[in-house]
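Structure, as structure tokens:
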Amino acid sequence: MNIPLFSAIFSIASTVLIGVLMIVVFVNDMTNMQTVLGAVVAGLVVSIPIALVVTKRISAMTNSASPTPNQQKTQ
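Under this note's numbering, think of the first position of the sequence shown as 161, with each following residue one higher.
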């Protein structure tokens, strides 16, 4: 697995999910500390599998696009 790619995807996914969950919390007027921290933790936990799947798909796409040394034609 490509750790730098995973880190970038995880940063983006967690930021977006935490932002969405925070909007839901504030719109529903649940502004106590427990629900806010719950939204943050839930956003972080849910973004881990999302980042894993996206990283694997991007890695698979880039690995299949570039030929391996055995697939290159020699003259």
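Using N, Cα and C, we set each Cβ at its ideal position, and we do this for glycine too.
Can you have a look at residue i and say buried or exposed, based on whether 16 or more other CB atoms are within 10 angstroms of its CB?
i, result
"serine 207", "buried"
"alanine 211", "buried"
"threonine 191", "exposed"
"threonine 175", "exposed"
"alanine 138", "Any property of residue 138 remains undetermined from this structure, which presents the chain solely from 161 to 235."
For residue i, which option in the options has the closest C-alpha, if you only look at C-alpha atoms?
i, options, result
"phenylalanine 170", "Asn192, Leu197, Val205", "Val205"
"alanine 199", "Pro209, Val180, Lys216", "Val180"
"valine 201", "Met161, Pro164, Ile178, Ala220", "Ile178"
"methionine 182", "Pro164, Gly203, Ala168", "Gly203"
Can residue i and residue j be called in contact, C-beta distance under 8 angstroms?
i, j, result
"valine 213", "valine 196", "no"
"threonine 222", "phenylalanine 166", "no"
"asparagine 162", "serine 219", "yes"
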